[in-house]
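Novice: Residues 1 to 403 (my numbering) are what the sequence shown spells out, left to right.
Ideal placement from N, C-alpha and C gives every residue a C-beta, glycine not left out.
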Amino acid sequence: MFADRTDWNLAPNRLSQALDRHRAAGKPLIDLTVSNPTECGFDYDHQAVLQALSNPAALAYEPNPRGLASARNSVADYYAERGANVDIENIFLTTSTSEAYSYVFRLLCNPGDEILVPAPSYPLFGFLTEIQDVKLVHYPLLYDHGWQIDFHALQQAITTRTRAIIVVHPNNPTGHYTKSRELEQLNKICNTNDLAIIADEVFLDFSLSGANSNRSEGEFPSSGPRHDTFAVNLGALTFTLSGISKISGLPQMKAAWLVASGPASLTAPALARLELVADTYLSPNAPIQLALPSFLAHRHHFQSQLVTRVQGNLAELDSQLAVHSGVFRLAVEAGWYAVLRVPATRSDEDLALELLQSQNVYVHPGHFYDFPASGHIIVSLISQLNEFAEGLSRILATSFVSD
Ligand SMILES: Cc1ncc(COP(=O)(O)O)c(C=O)c1O
Numbered sequence: 001m002f003a004d005r006t007d008w009n010l011a012p013n014r015l016s017q018a019l020d021r022h023r024a025a026g027k028p029l030i031d032l033t034v035s036n037p038t039e040c041g042f043d044y045d046h047q048a049v050l051q052a053l054s055n056p057a058a059l060a061y062e063p064n065p066r067g068l069a070s071a072r073n074s075v076a077d078y079y080a081e082r083g084a085n086v087d088i089e090n091i092f093l094t095t096s097t098s099e100a101y102s103y104v105f106r107l108l109c110n111p112g113d114e115i116l117v118p119a120p121s122y123p124l125f126g127f128l129t130e131i132q133d134v135k136l137v138h139y140p141l142l143y144d145h146g147w148q149i150d151f152h153a154l155q156q157a158i159t160t161r162t163r164a165i166i167v168v169h170p171n172n173p174t175g176h177y178t179k180s181r182e183l184e185q186l187n188k189i190c191n192t193n194d195l196a197i198i199a200d201e202v203f204l205d206f207s208l209s210g211a212n213s214n215r216s217e218g219e220f221p222s223s224g225p226r227h228d229t230f231a232v233n234l235g236a237l238t239f240t241l242s243g244i245s246k247i248s249g250l251p252q253m254k255a256a257w258l259v260a261s262g263p264a265s266l267t268a269p270a271l272a273r274l275e276l277v278a279d280t281y282l283s284p285n286a287p288i289q290l291a292l293p294s295f296l297a298h299r300h301h302f303q304s305q306l307v308t309r310v311q312g313n314l315a316e317l318d319s320q321l322a323v324h325s326g327v328f329r330l331a332v333e334a335g336w337y338a339v340l341r342v343p344a345t346r347s348d349e350d351l352a353l354e355l356l357q358s359q360n361v362y363v364h365p366g367h368f369y370d371f372p373a374s375g376h377i378i379v380s381l382i383s384q385l386n387e388f389a390e391g392l393s394r395i396l397a398t399s400f401v402s403d
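#1: At 3 residues or longer, and completely inside the segment 153 to 190: list those beta strand (DSSP E) runs for me, N to C.
#2: What's the gap between the Cα of Asn187 and the Cα of Gly235?
#3: To the nearest angstrom, how far is the alpha carbon of Trp8 from that of Ile131?
#4: For Ser74, which residues from the same chain have a beta carbon less than 7 angstroms from its beta carbon, with the 5 sequence-adjacent residues on both sides left out?
#5: On the DSSP letters alone, give me the boundaries of the beta strand (DSSP E) that Ser380 sits inside.
#6: Please list the terminal residues of the continuous beta strand (DSSP E) segment that includes Phe92.
#7: Can you list, in chain order, the residues of its chain whose CB lies under 8 angstroms from that of Glu114, leaving out five sequence neighbours each side?
#8: Tell me, to the nearest whole angstrom, how far the beta carbon of Trp257 is from that of Phe92; I am working on the premise that it is less than 8 angstroms.
#9: Skipping 5 residues on each side, what residues in its chain have a beta carbon closer than 8 angstroms to that of Tyr103?
#10: Can you determine whether any heavy atom of ligand 1 sits closer than 7 angstroms to the C-beta of Asn191, and answer yes or no?
#11: Give me the Cα-Cα distance between Thr398 and Leu355, rounded to the nearest whole angstrom.
#12: Helix, strand or coil: how does DSSP classify Glu333 here?
#13: So, Trp336 versus Val307, is the Cβ gap smaller than 8 angstroms?
#14: On a Cα-Cα basis, can you pick out the residue from Leu241, Gly146, Glu184 that is closest to Ala255?
#15: Am I right that Glu349 and His367 are in contact with their C-beta atoms under 8 angstroms? What's the rounded C-beta distance?
#16: Mark Pro12 as exposed unless 16 or more other C-beta atoms lie within 10 angstroms of its C-beta, in which case mark it buried.
#17: Are the segment 142 to 151 and the segment 379 to 394 touching, with three or more C-beta to C-beta distances below 8 angstroms?
#18: Please give the ranges of any alpha helix (DSSP H) in the segment 206 to 294, keeping only runs that are unbroken, at least 4 residues long and fully inside the region.
#19: What is the C-beta distance between Leu237 and Ala270, in whole angstroms, given that I count them as a contact (C-beta under 8 angstroms)?
#20: Do Val202 and Gly243 count as a contact pair if the criterion is CB distance below 8 angstroms?
#21: Per DSSP, what kind of secondary structure is Leu101 in: helix, strand or coil?
#22: Here's a check: name, in chain order, each residue in its chain whose Cβ is nearer than 6 angstroms to the Cβ of Thr6, leaving out the five neighbours to either side.
#23: Rounded C-beta distance between Cys40 and Val34? I'm assuming under 8 angstroms.
#24: Could you please give the first and the last residue of the uninterrupted beta strand (DSSP E) stretch that includes His138?
#25: Relative to the C-alpha of Asn85, which candidate in Met1, Ala52, Tyr143, Ser261 has its C-alpha closest?
#26: I need the straight-line Cα distance from Leu141 to Thr178, nearest angstrom please.
#27: Would the C-beta of Asp31 count as close to ligand 1, meaning under 7 angstroms from any of its heavy atoms?
#28: Looking at Val202 and ligand 1, is the gap between the Cβ and the nearest heavy atom below 7 angstroms?
#29: How many whole angstroms separate the CB atoms of Ala373 and His364, which I take to be in contact at a CB cut-off of 8 angstroms?
#30: In whole angstroms, give me the CA-to-CA distance for Ser121 and His169.
Structure follows, in structure tokens:
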């Protein structure tokens, strides 16, 4: 009856089962996996957000495969504020970054073609690729005085079926930016092998420069992080994805985009083909497109609160770690998460289960993000400060020696 691609193992894993039981039993819970900004106590200008949705221009239908010019102009302005000059003809609006991935996979891949995806990284890539009949192939990131691409392994992972390399810039959950010298190498590899770059920049604006104190394990490489957008990369065919779910903290509004850049000989046909893909769906709705300039303007108010929250939680983390041996946090350059290095005396899932059952604290185990080895748990830095401090002290009160 059903397609093989949806033949998933839908049984919940041990941790989600335990979480369901925990919640059903009405037990208290400190959730250090939170990623929904609308549930984290940030101040939103409710009136402005709602007012933006009632533009009378929404009563007319103006279909445009790329999206309304006024909305794309606001996206171009976003890049201009970062010093990047993006032509609105190279922008396509989508309802989510996930949808933008599907457009790009459809553009680049025949069934069974391969996409290189960093590990550790965003857990949704498995589904995003599978649904489009594309094969996900991991390439490793290495942690050695900060995170970096293992280029030797990446080159070895390339086959005749490889179509693109995904970079998450900065990455979730490791919080590191792709460095300039890495971009040069990526461009070279892509040109040699006829590959495209797909750059996911949903966390681009959440830089935490100066956030690494003495308790982080390792320092930035001397070249420093590269905060620049990929949206103006001309060195290889590049698709840059972003949206307001993170940038403005408005995941419920479903507005995102992709920007195509690169050598004109490749971007011109890419844009022409994408136009037909997008024209087939025309998915972004008029009220949201008309509201996009206002939602993007909202980002400054949101981002300053978010970065203050993240820095506060990082300071708390460092002060608790300062009097605790055996647990470190990895260096973080940006984003909403911290990776804790803990003694690998049991699997990360067993540790997360124990923290849930004995401490009422929920964290993500490293394997959820495809960390290659045990000894990593991930905590959300956008949690409310008091919850974060309490949850962390309970984590550190746990014995890391297995029973
Ligand atoms: C790296 C990354 N890309 C994309 C998304 C989701 O973006 P959207 O809500 O626009 O689909 C997330 C959400 O957590 C993410 O971590």
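Specialist: Checking against the coordinates, here is how it stands:
#1: 162 to 168
#2: 5 angstroms
#3: 11 angstroms
#4: If the five residues before and after Ser74 are omitted, its C-beta is found closer than 7 angstroms to the C-beta atoms of Leu292, Pro293, Leu296, all from its own chain and listed in chain order.
#5: 376 to 380
#6: 91 to 94
#7: Val134, Lys135, Leu136, Val137, Thr159, Arg161, Thr162, Arg163
#8: 6 angstroms
#9: Phe92, Thr94, Leu258, Leu274, Val277, Ala278
#10: no
#11: 8 angstroms
#12: In the three-state scheme derived from DSSP, where H, G and I count as helix and E and B as strand, Glu333 is classed as coil.
#13: By the CB criterion at 8 angstroms, Trp336 and Val307 fall outside the cutoff.
#14: Closest in alpha carbon position to Ala255, among Leu241, Gly146, Glu184, is Leu241.
#15: 6 angstroms
#16: exposed
#17: no
#18: 244 to 247, 264 to 281
#19: 6 angstroms
#20: Yes.
#21: With the sequence shown as reference, residue 101 is identified as Tyr, and Leu is not the correct amino acid for it. Correct three-state label for Tyr101: helix.
#22: none
#23: 6 angstroms
#24: 135 to 143
#25: Ser261
#26: 11 angstroms
#27: no
#28: yes
#29: With a Cβ gap of about 16 angstroms, Ala373 and His364 do not count as contacting.
#30: Rounded to whole angstroms, Ser121 to His169 spans 11 angstroms at the Cα level.
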